[in-house]
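Peer 1: This is the structure, below, for whatever I ask next.
Residue numbers (our numbering): 176 to 489.
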């Protein structure tokens, strides 16, 4: 393992203070901005603005503190948005019932929570690790390799954002096709793979609600509105139907695409298993960020399966 890889592996901790995966470095600048934001809040809170209302000075300090953090911290806006919701509840400007009433009648909270969990895998090598492991174990036959790439897309997109899965697997497939000597625009294998990747990403997203939270939760909401019944589909019931359904669809979809593109094993030369093994070795051992993501997504799924409200668990 080269020195750069060793540094990446060494720095991949469960608490990512170095920002290796999250991109948020807990450095002097971030700490300083945080302290200045707090100072602005407490200083403005001491100003007597009671003539305009009992909580005016607190609200002004809260507003200025959040603005300072948003402008100078360099973090994503979504972080500030969640800070506003959380700190606003702690300061008594609104309570969770208000937040739940405002957003809970729509799939907003559950969608945002599930998307954050799903997109978290984009910042770890976990998706590539799963893809190369499947190819290493089962990619010893051209048609089987195509099916493995497609089914791997489906498996990953069950827990990861569909778009992230599509981008991840497309880049892996493009590298494999190039290494196999397949020419862009003239490769039947390339056409099949690049069509099956988005298709199976979408299919996999239907197996669990968290696989494609935006579309799946919107579908549930449309059913509720159309039926006029104040009921919903639970996470576990969806999974009981969804998982067997896609397991039935996967082989059928593979057969359709293989037949349509007229793929035959004797037309293609495969990469040796050693190639995939080398890719796995480059990724290195399981890192802290991957452990963190696995724990998070497992906890969310277990909570929802046990009946915890989806927006709460997410």
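Glycine included, C-beta positions come from ideal geometry on N, C-alpha and C.
Could you check what DSSP says for residue 204 in three-state terms: helix, strand or coil?
Peer 2: Start at 1 with the first residue of the chain shown, and residue 204 comes out as number 29. Three-state result, residue 204: helix.
Peer 1: Cβ of residue 285 within 8 Å of Cβ of residue 486?
Peer 2: Numbered from its first residue, the chain shown carries residue 285 at position 110. Numbered from its first residue, the chain shown carries residue 486 at position 311. With a cutoff of 8 Å on beta-carbon distance, residue 285 and residue 486 are scored as near each other.
Peer 1: Give the straight-line distance between the Cα atoms of residue 408 and residue 429, rounded to the nearest whole angstrom.
Peer 2: For the purposes of this step, residue 408 is taken as residue 233 along the chain shown, with counting starting at 1. For the purposes of this step, residue 429 is taken as residue 254 along the chain shown, with counting starting at 1. Their Cα atoms are separated by approximately 29 Å.
Peer 1: So, with DSSP's three-state summary, where would you put residue 315?
Peer 2: On the chain shown, residue 315 is found 140 positions in, with the first residue counted as 1. DSSP places residue 315 in coil when its eight states are reduced to three.
Peer 1: In its own chain, which residues sit with a C-beta less than 6 Å from the C-beta of residue 333, not counting the 5 before and 5 after it?
Peer 2: For the purposes of this step, residue 333 is identified with residue 158 of the chain shown, where counting begins at 1. Taken in chain order, the residues that qualify are 379, 382, 383 and 386.
Peer 1: Counting only the same chain and skipping the five closest in sequence on each side, list residues whose C-beta sits under 6 Å from that of residue 454.
Peer 2: Position 279 of the chain shown, counted from the start, is the residue given in the question as residue 454. Taken in chain order, the residues that qualify are 307.
Peer 1: My understanding is that residue 372 touches residue 322, with C-beta atoms under 8 Å, so please give their C-beta distance in whole angstroms.
Peer 2: As a working mapping, residue 372 is identified with position 197 in the chain shown. As a working mapping, residue 322 is identified with position 147 in the chain shown. Wrong, their Cβ atoms sit about 12 Å apart, outside the cutoff.
Peer 1: Below 8 Å between beta carbons: does that hold for residue 263 and residue 489?
Peer 2: Walking along the chain shown from the start, residue 263 turns up at place 88. Walking along the chain shown from the start, residue 489 turns up at place 314. Their beta carbons are not under 8 Å apart, which means residue 263 does not touch residue 489 by this criterion.
Peer 1: Please check the pair residue 411 and residue 480, which I expect to be a contact at CB under 8 Å, by giving their CB distance rounded to whole angstroms.
Peer 2: Along the chain shown, read from residue 1 onward, the residue named residue 411 stands at position 236. Along the chain shown, read from residue 1 onward, the residue named residue 480 stands at position 305. With 8 Å as the limit, residue 411 and residue 480 qualify as a contact, their Cβ atoms being about 5 Å apart.
Peer 1: On the DSSP letters alone, give me the boundaries of the alpha helix (DSSP H) that residue 434 sits inside.
Peer 2: Numbered from its first residue, the chain shown carries residue 434 at position 259. Note, residue 434: alpha helix (DSSP H), 410-436.
Peer 1: Is it right to say residue 467 is buried, meaning 16 or more other beta carbons lie within 10 angstroms of its own, or is it exposed?
Peer 2: Within the chain shown, numbered from 1, the residue matching residue 467 stands at position 292. It counts as buried.
Peer 1: Could you give the distance in angstroms between the alpha-carbon of residue 470 and the alpha-carbon of residue 442?
Peer 2: Counting from one through the chain shown, the residue named residue 470 turns up at place 295. Counting from one through the chain shown, the residue named residue 442 turns up at place 267. Looking at the two C-alpha atoms, the distance is approximately 43 Å.
Peer 1: When you compare only the Cα positions, how much space is there between residue 305 and residue 474?
Peer 2: The sequence position of residue 305 within the chain shown is 130, counting from 1. The sequence position of residue 474 within the chain shown is 299, counting from 1. Those two C-alpha atoms are separated by around 20 Å.
Peer 1: Could you round the C-beta distance between residue 199 and residue 250 to whole angstroms and report it? I think they count as a contact, below 8 Å.
Peer 2: Translated into the one-based positions of the chain shown, residue 199 becomes position 24. Translated into the one-based positions of the chain shown, residue 250 becomes position 75. So it is a contact: roughly 6 Å between Cβ atoms.
Peer 1: Could you pull out every residue in the same chain whose Cβ sits closer than 7 Å to the Cβ of residue 240, ignoring the five residues on either side in sequence?
Peer 2: Along the chain shown, read from residue 1 onward, the residue named residue 240 stands at position 65. Same-chain partners within the cutoff: 212, 213, 215 and 216.
Peer 1: Let me know the secondary structure DSSP gives residue 177 once reduced to three states.
Peer 2: Locating residue 177 in the chain shown gives position 2, counting from the first residue. Low local confidence applies: a pLDDT of 44 at residue 177 is under 50, so the model's placement there is unreliable, with the coordinate-based value given in what follows. Coil at residue 177, not helix or strand.
Peer 1: Does any residue of chain B have a CB that is nearer than 8 Å to the CB of residue 237?
Peer 2: In the structure shown, chain B does not exist; there is a single protein chain.
Peer 1: Give me the Cβ distance between residue 187 and residue 463, rounded to the nearest whole Å; I'm assuming they're in contact under 8 Å.
Peer 2: By one-based count along the chain shown, residue 187 stands at place 12. By one-based count along the chain shown, residue 463 stands at place 288. Correct: roughly 5 Å between the Cβ atoms.
Peer 1: Given a cut-off of 8 Å on the beta-carbon distance, is the pair residue 248 and residue 208 in contact?
Peer 2: Numbered from 1 along the chain shown, position 73 holds the residue referred to as residue 248. Numbered from 1 along the chain shown, position 33 holds the residue referred to as residue 208. Between residue 248 and residue 208, the C-beta gap is smaller than 8 Å, which places the two residues in contact.
Peer 1: Determine the extent of the alpha helix (DSSP H) in which residue 457 is found, giving its start and end residues.
Peer 2: By one-based count along the chain shown, residue 457 stands at place 282. In the DSSP annotation of this structure, the continuous segment of the alpha helix (DSSP H) that includes residue 457 starts and ends at 448-458.
Peer 1: Grab me the residues of residue 347's own chain with a C-beta within less than 7 Å of its C-beta, minus the 5 sequence neighbours each way, in chain order.
Peer 2: In the chain shown, counting from the first residue as 1, residue 347 sits at position 172. Hits under 7 Å: 303 and 306.
Peer 1: Taking its Cβ as the centre, do 16 or more other Cβ atoms sit within 10 Å of residue 456, making it buried, or is it exposed?
Peer 2: Residue 456 sits at position 281 when you count from the first residue of the chain shown. Residue 456 is exposed by the Cβ-count criterion.
Peer 1: Check this for me: beta carbons of residue 219 and residue 236, under 8 Å apart or not?
Peer 2: In the chain shown, the residue the question calls residue 219 occupies position 44. In the chain shown, the residue the question calls residue 236 occupies position 61. Their beta carbons are under 8 Å apart, which means residue 219 touches residue 236 by this criterion.
Peer 1: What do you reckon, are the CB atoms on residue 513 and residue 260 nearer than 8 Å?
Peer 2: Absent from the structure is residue 513, since the part of the chain shown begins at 176 and ends at 489.
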